[in-house]
Each structure stands twice: as C-alpha cells, then as structure tokens.
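Chains as they are written, first to last, in my numbering: chain L, 561 to 901; chain A, 561 to 901.
Just so you know, even glycine gets a beta-carbon here, dropped at the ideal spot from N, CA and C.
Treat the numbers as computed from the prediction; the structure is a model and nothing was measured.
Heads up: the structure comes next, in structure tokens.
Number of protein chains: 2
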Amino acid sequence: MSAESRRLDVLRAIVEDYVATQEPVGSHALLERHQLGVSSATIRNDMAVLEDEGYISQPYTSAGRIPTDKGYRIFVDRLAEIKSLSGAERRAIETFLDGAVDLDDVVSRTVRFLAQLTNQVAIVQYPLLERSTVRHIELVELEAGRILVVLITSSGRVEQRLIDAPSRSHSDVLNDLKGKLMVACVGQRLPDAVERAGLLAEEFAPADRKFVTVVVEVIKETFHHSRTDQRVAVAGTSNLAHLGTDFDATIRPVLEAIEEQVVLLKLIGEAAVSQQTHVVIGHETGHAGLSSTSIVTSHYGPGDEALATLGTVGPTRMDYPATMAAVTAVARYVGRTLADG
Amino acid sequence: MSAESRRLDVLRAIVEDYVATQEPVGSHALLERHQLGVSSATIRNDMAVLEDEGYISQPYTSAGRIPTDKGYRIFVDRLAEIKSLSGAERRAIETFLDGAVDLDDVVSRTVRFLAQLTNQVAIVQYPLLERSTVRHIELVELEAGRILVVLITSSGRVEQRLIDAPSRSHSDVLNDLKGKLMVACVGQRLPDAVERAGLLAEEFAPADRKFVTVVVEVIKETFHHSRTDQRVAVAGTSNLAHLGTDFDATIRPVLEAIEEQVVLLKLIGEAAVSQQTHVVIGHETGHAGLSSTSIVTSHYGPGDEALATLGTVGPTRMDYPATMAAVTAVARYVGRTLADG
DNA sequence: AACTGGCACTTGGACTTTATGAGTGCTAAT
DNA sequence: ATTAGCACTCATAAAGTCCAAGTGCCAGTT
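See below:
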C-alpha cells in the first residue's frame, strides 16, 4: 500500500465519518473508527497534504477536517463503493406505482416515494415533449370559429390549445387537414412532426392556405411553448432541515432555487449530457444559493430512451452511494413502467 | 368613549404594533405610538383585564403582551379596518394575467403573484369539476377499438381518458352518441350532465347499448376520479422565513402540512362553508403543526359561482387587513378573467 | 369610581470572563 | 517514512454581571 493510496483511504474515511457524524473529523477519530494501520501523527501528515491539494479543509484553525466539494467529487468518482438497496427498499420500489391511473399520478407518486426513500427533496421532470412521439392529433370545432387542438404523445401527455380561427373554416377543410396531419405526424418525434406539418399548407388550395397556416402555427407554438414550460414535480421540501438550522442562510435560497424552475431545469438539463446517474456537487451548480447542496439525477424513459430526468437535492454532506442507488433504481423502475403504458 | 370600548382600542393597538414590530408590546410603547388619551398605568390595567379575558398573553412574567389566537379573532371580526390596495398593487393585479395561454398558466401565474403580493405562501386550488359546466365532449377513435374521451369544462379544464371499447364500434354509432351527449350535457353542471348521460343508453338500439354504456361509464368515472384528485398549486414557500428561525419547531411542520395535500384541502374546504373571504387562525386549524399559522382564503369563479378556493398561509402575526384585501382582490380578478375565457 | 404618578420587583437578553478539551503543527527520535 | 511528545490555538459551554423594559400595586388626585 503506497503512501498515495493510503492518503485516498484517509480521504474516504473522512468523507464517510463526516457524512455519518456531521462533525469535523480529527486524526484521533479516524484512528478509532478505521483500520488504517498507522498512527495519528501520520494521519495528520496525510491530512496536511490532502488539505494542500484542496480535498479537505478546516472550518477554523485547529479543528477537525471536512471534505471540500473537490473532495466529495473524487469520492463520488473514484472512492465510493456502490451501495445496494435493502430488501425492503427493493420491495417498496416494486410496488409504489401499483394502481397508478395516469401520467400525473405516476409522477406525483414517484416524487413522493423518492423523497421518502432518500430523505431529501425529490424532483421529477415530466416527460419531455420534444423526445416523445405523436400518438394522435385532434382538431375539434367547438363554437363557430373556435378550434381546439389536442396533441397526445406516446408517453401519455396531453396538450391542448384553443384557436380563434381567422376565417370561418369549412369543416371539410378541417377534416382534410386533420387527416393529412395524422398521416404526416403520427409516430414521429415531435420536432420532426412539427417540421412535416409546416409543409402541409402547400397541399391545399390557395384560398384555404391561410387557415391551414394558422392551425399549423398553433401546433408549432404548442410544442415550442411546452419546451419552455417543462413541468417538474417536487416533494420532500421539509427534508431541507438536514441542511442546517440557519433558515435564511442555507434553506431559504434552496427553496427559492427550487421554486424558480429555471434554475432547476438548467441543472437537470446539465445532467442530461452524461448518460448514467449524475452528481453535481456544491459550487459545481454555479448557483450561489445551492453552494452547500448536491444534486443527484438520473434519466428515465421506456427502454433506453431518455424521456426526462428525475433526482434529488440534498446537502453536499449526503450519503452519496445510498442516494445514487435509490435514484438509479427508481429511475429504472419508472422507465420500465412507462414502457408498459 | 366607554372603558369597554377603550379596552378594545388597546387590543387593536396591541395587534397592530405586534404585527408591525414582531415584538411583545408594552404599555409605554402603546402610549408613544397611539393616541389613547390615558396614561400608561391605565393601559396596564386594561391589559390586565384583556389578559384575564384571554385576548392577550405574556411570553414571560414582566414582558410586553402579544395577542392570543382569540385576540386575533376578535381583531379580524370586529376591530380591523379594511385596508385598500395601493395604486401600484391595483395596477399589478390588472395585468398579471395578461397573455396567459391556458388554465395551467392562469393558475401558476396566480399562485406566484399572490405569494409575491402578500409575502406569504400562496395556494390556488384548480377549478373543481363538480362545480363546472360542460363546454364540450369529444369522442375520438384512435386505433381500432380505442376511444379517447375528452371533456372540456367552462373553466378551461380539460380531462381526458382512454377507453378500450369492448366491441368494435361503428363510427356512425360513435357520432350519434357524441351528438346526443352534446345535446344532453353542454351547459349542464357536471353532476347533472353525468346523470343525463346515464339515461342515453335507452335511446340506442339494443345491440349498441353495451357500447354506449361503457362510454358513459368512463365519463362518470372521469368525473368521479377528479373529485378526489383535487389539485392545488403552491408558491412562496421561502416566505415561511417569517415564521421564525427555528426550522424544526415552526417551519418544518408547516411545509409538511402543505405537502400533505389532505390537510390543505380540508382547510380550504372548511372555508368553503362561508361566503366571503375567510380567516382561520392558529389553533382553529385543528392541526398542531399549523398552530402558529393563519390561513386566509377566498372563493373565485366567473360571476358568483364559486369554482374553487385560493388563499395564503402565513404566520398568525400577519397583517390581516392587507392580506385579506390582497386575497379578495386577486380572487375577484381571477374569477372575472375566467368568465371571459 | 376612574385615573395617574411613583416605586419596588422581575426577568430575559446582551455582554464578559473563564474553563475545557479536541485538535493541530512542529520537532526530535526511531 | 513513521511516531511520540509537546506547546499552542480556538470554538463552545458555563457562569457571572449588567441593564433596560416592563409589570403590579399603592397612595394620591380628579
């Protein structure tokens, strides 16, 4: 065992102890709780090096050490052993969606379950329209000149929008358009479907084109609007107590960030770059209010498709292996359920 | 001015000062900030009586007084003068819904606006189906044998449900049913509409009745399901900071109550009994975790119809007149907007 | 009878002082 | 490279001291 590898052992021990006790950990505590095979003086030397390298720090002179964001990062990337879920947890995951009736129900059950499982704030993003395929498009004439456009996606999401048609539309034109839209769009991913719909106007007589264009425009807009209107469900905010006792300094900014969905979606989107379960630690979020929180996310969707993201927000001093295991398992199970319908 | 009425003036002054300063108010402070026309000794005598009657209390011996729940109650019911909104606030209310595209948009804008306006946690309940009227019913045949039922209410809410039709339906039967449903249900309140729909089966040939019955059954069920599925939107949870600094004792239970929608809906439903803007103070909620919060609610809906409830949750030591004015004004404006569509 | 001025008494909060002990860094020895 | 020993640091907790705000009560006044 080289000195280098022992230093990493020390770092791992510090992270584990700090997560467990929530208190700065000193050389003596490490000696007692871990078999490192060296004396406390040696550990102190190692800690001095680790501090130089930026993995740990002291809250104040002559206190124990706590991990820095960089320290957690290397812990997550290289040091942590994957924790497997307990039997009870596994059983709970298999059943928490039993009897769910629709997409809203699935999402709200999932977010509550994940919050309870991890004891953190859970976040579940609704399936993204842009990654779904079109199952059905319906054009319904309500009163004279008002048309309801309904768009149903493969993931069960239903978007609807009302149009005030500019010219009164002959209902045969409407039916014709509906038929052509179905042929062109069903089974297509949404961005492709929108593009194809855009080309349809040319297939109509010049007199009807204006009407067709308006309808297609609204469909485009519905899609576009929903891109910015990415909905998320949140649960377990009372678990923010784990962050500390100072509401204004630590908890409030996090609550604000969570309500400000812009921030949330940016972080979730960031994670979308990578494939697997993904961890963003403290300052890596790039958001001052979240500097003492970490975010664990994973994708979900039927099969390998990544429809959307779910995850948790908790203190940087969280149990990463357990949280990652829970998030990964829940994401996989929800994805599988969505595949069945 | 009788002694009795002066005592109530003293109580009003205590509530107002305590709300403004968040600190127990003593006889001397009252003397300075209000024109009561008597000396501090007299005020002290009055305060002793008010304490005997249970309207105020001392946090500890020889401190100033703070209002009890009972004190706030009489303040709200009899002592408070109705505060009118500032010009800026009125202007903000007139515009915050400009450009809203659908019901979700209206609700989420409203809840955010109300939170910002009152600096409290805002809650907006989605329009209740059972109080809405039917604007449109659509039956759409997707693939073979699968039918989509879409129900659009006057408030803009859209409910949809998928049916696996038992027998393949002739599309002319479907159209016939659709026409009859529209005639029977449009403009009806939902409970009435469901009842009328139930009678339709008899108008069809015996061979088609089974099919009709299934469709009607699903419409009934859609309605019934949504009754339990009363959705609410929440915003401004970070304003809970006003409750105090002790997260675990005061803020956490409130967050939990808010997430536990059962509690929320019970309180909102309770308020539904009365007509006007309604206030529930502290222990009146009957929920231990909410013992230091008050809830101000009001109904909203087009015209006089009460479609649903909205309101705020804040500390018992809130500015009741201002909060009530804000909640009332927002409810009225949202109701008017909903009437326009 | 109601109000007021005066006064002794209470008490939490703010501030200071003093231990305590966990923890470090350094140096010299192995 | 590791370890034992030791002087030093510093947050936290406990104890002590002040102080100002506030009360209740009583005797005197209107």
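Per the DSSP calculation, residue i is bridged to which residue(s)?
{"i": "glutamine 582 of chain L", "result": "For glutamine 582 of chain L, which the question treats as bridged, DSSP gives no partner whatsoever."}
{"i": "arginine 651 of chain L", "result": "Its beta-bridge partners do not exist; DSSP assigns none."}
{"i": "serine 617 of chain L", "result": "L:Ile626"}
{"i": "valine 792 of chain A", "result": "A:Gln685"}
Going by CA-CA distance only, name the one from the options that's closest to residue i.
{"i": "glutamine 748 of chain L", "options": "L:Phe656, L:Thr693, L:Ala765", "result": "L:Thr693"}
{"i": "alanine 848 of chain L", "options": "L:Leu824, L:Val822, L:Asp664, L:Pro813", "result": "L:Pro813"}
{"i": "leucine 898 of chain L", "options": "L:Leu657, L:Leu815, L:Leu759", "result": "L:Leu657"}
{"i": "leucine 824 of chain A", "options": "A:Lys740, A:Arg791, A:Thr810", "result": "A:Arg791"}
{"i": "alanine 866 of chain L", "options": "L:Val840, L:Arg769, L:Ser646, L:Arg896", "result": "L:Arg896"}
{"i": "tyrosine 880 of chain L", "options": "L:Leu568, L:Ala563, L:Val579", "result": "L:Val579"}
{"i": "glutamate 576 of chain A", "options": "A:Arg877, A:Leu591, A:Asp732, A:Ala761", "result": "A:Arg877"}
{"i": "glutamine 595 of chain A", "options": "A:Val794, A:Arg566, A:Lys826", "result": "A:Arg566"}
{"i": "glutamine 680 of chain L", "options": "L:Gly829, L:Asp900, L:Leu815, L:His843", "result": "L:Leu815"}
{"i": "arginine 633 of chain A", "options": "A:Ala648, A:Ala765, A:Ala817, A:Tyr615", "result": "A:Tyr615"}
{"i": "serine 798 of chain A", "options": "L:Arg625, L:Ala623, L:Ala817", "result": "L:Ala817"}
{"i": "arginine 691 of chain L", "options": "L:Gly861, L:Thr655, L:Ala793", "result": "L:Gly861"}
{"i": "alanine 889 of chain L", "options": "L:Ala660, L:Thr670, L:Phe807", "result": "L:Thr670"}
{"i": "arginine 672 of chain A", "options": "A:Ala793, A:Ile642, A:Met607, A:Pro627", "result": "A:Ala793"}
{"i": "glutamine 582 of chain L", "options": "L:Thr602, L:Val598, L:Gly624", "result": "L:Gly624"}
{"i": "glycine 804 of chain A", "options": "A:Glu641, A:Thr853, A:Ile626, A:Glu613", "result": "A:Thr853"}
{"i": "leucine 702 of chain L", "options": "A:Gly716, A:Ile707, A:Gly705, A:Arg706", "result": "A:Gly716"}
{"i": "threonine 810 of chain A", "options": "A:Gly874, A:Pro766, A:Thr857", "result": "A:Gly874"}
{"i": "glutamate 755 of chain A", "options": "A:Phe783, A:Val666, A:Arg769", "result": "A:Phe783"}
{"i": "isoleucine 526 of chain A", "options": "A:Asp637, A:Ala831, A:Leu610", "result": "In this structure chain A extends from 561 to 901, so residue 526 of chain A is not present and cannot be described."}
{"i": "arginine 769 of chain A", "options": "A:Leu750, A:Ala753, A:Leu737", "result": "A:Leu737"}
{"i": "threonine 602 of chain A", "options": "A:Gly631, A:Asp569, A:Ala744, A:Ala831", "result": "A:Asp569"}
{"i": "glutamate 902 of chain L", "options": "L:Gly829, L:Ala831, L:Asp806, L:Ala795", "result": "Beyond the ends of chain L as shown, which are 561 and 901, falls residue 902 of chain L; an answer cannot be given."}
{"i": "alanine 765 of chain A", "options": "A:Asp732, A:Leu750, A:Gly871", "result": "A:Asp732"}
{"i": "glutamate 781 of chain L", "options": "L:Phe771, L:Asp806, L:Gln720, L:Lys826", "result": "L:Gln720"}
{"i": "glutamine 821 of chain A", "options": "A:Arg604, A:Asn605, A:Val684", "result": "A:Val684"}
{"i": "isoleucine 855 of chain L", "options": "L:Arg604, L:Thr621, L:Ala682", "result": "L:Ala682"}
Can you list, in chain order, the residues of its chain with a C-beta nearer than 6 Å to that of residue i? Leave out the 5 residues immediately preceding and following it.
{"i": "alanine 886 of chain A", "result": "Leu677, Thr678"}
{"i": "histidine 859 of chain L", "result": "Ala866, Thr869"}
{"i": "tyrosine 893 of chain A", "result": "Ile653"}
{"i": "valine 718 of chain A", "result": "Ile712"}
{"i": "methionine 607 of chain A", "result": "Arg625"}
{"i": "alanine 891 of chain L", "result": "Ser858, Tyr860, Leu870"}
Go through its chain and collect everything with a Cβ distance to residue i's Cβ below 7 Å, but skip five positions before and after it.
{"i": "serine 600 of chain A", "result": "Ser587, His588, Leu591"}
{"i": "arginine 572 of chain A", "result": "Phe635, Leu639"}
{"i": "glycine 863 of chain L", "result": "Ala899"}
{"i": "serine 617 of chain L", "result": "Glu611, Arg625, Ile626, Thr628"}
{"i": "leucine 827 of chain L", "result": "Val840, Thr845, Ile855"}
What whole-angstrom Cβ distance do residue i and residue j have, given they're in contact under 8 Å?
{"i": "serine 668 of chain A", "j": "arginine 695 of chain A", "result": "22 Å between Cβ atoms; not a contact."}
{"i": "leucine 760 of chain A", "j": "valine 746 of chain A", "result": "Not confirmed; about 14 Å, so no contact."}
{"i": "methionine 884 of chain L", "j": "threonine 845 of chain L", "result": "Not a contact, Cβ separation roughly 17 Å."}
{"i": "alanine 801 of chain L", "j": "aspartate 808 of chain A", "result": "6 Å"}
{"i": "alanine 757 of chain L", "j": "leucine 734 of chain L", "result": "Rounded, the Cβ-Cβ distance is 15 Å, inconsistent with contact."}
{"i": "isoleucine 779 of chain A", "j": "valine 709 of chain A", "result": "6 Å"}
{"i": "glycine 705 of chain A", "j": "alanine 725 of chain A", "result": "5 Å"}
{"i": "leucine 674 of chain L", "j": "threonine 872 of chain L", "result": "6 Å"}
{"i": "alanine 831 of chain A", "j": "lysine 643 of chain A", "result": "Not confirmed; about 20 Å, so no contact."}
Please work out which residues of its chain come closer than 8 Å, Cβ to Cβ, to residue i, disregarding the five sequence neighbours upstream and downstream, and give them in chain order.
{"i": "aspartate 629 of chain L", "result": "Ile841, Gly842, His843, Glu844, Thr876"}
{"i": "tyrosine 686 of chain A", "result": "Leu663, Val667, Arg717, Gln790, Arg791, Val792, Ala793, Ala868"}
{"i": "threonine 773 of chain L", "result": "Ala761"}
{"i": "proline 584 of chain L", "result": "Tyr578, Gln618, Pro619, Ala623, Gly624, Arg625, Ile626"}
{"i": "isoleucine 697 of chain A", "result": "Val709, Val710, Leu711, Ile712, Lys738, Leu741, Met742, Cys745, Val746, Ile779"}
{"i": "leucine 645 of chain A", "result": "Ile653, Ala885, Ala886, Ala889"}
{"i": "leucine 750 of chain A", "result": "Leu689, Glu690, Arg691, Ser692, Thr693, Val694, Thr713, Phe783"}
In chain order, which continuous runs of the beta strand (DSSP E) of length 3 or greater are located wholly inside the segment 799-882 of chain A?
838-841, 853-860, 868-875
Start-end ranges of the alpha helix (DSSP H) lying completely within the segment 707-783 of chain L, minimum 4 residues:
731-745, 750-758
Let me know the alpha helix (DSSP H) ranges lying completely inside the segment 662-702 of chain L, each 4 residues or longer, listed in chain order.
663-678
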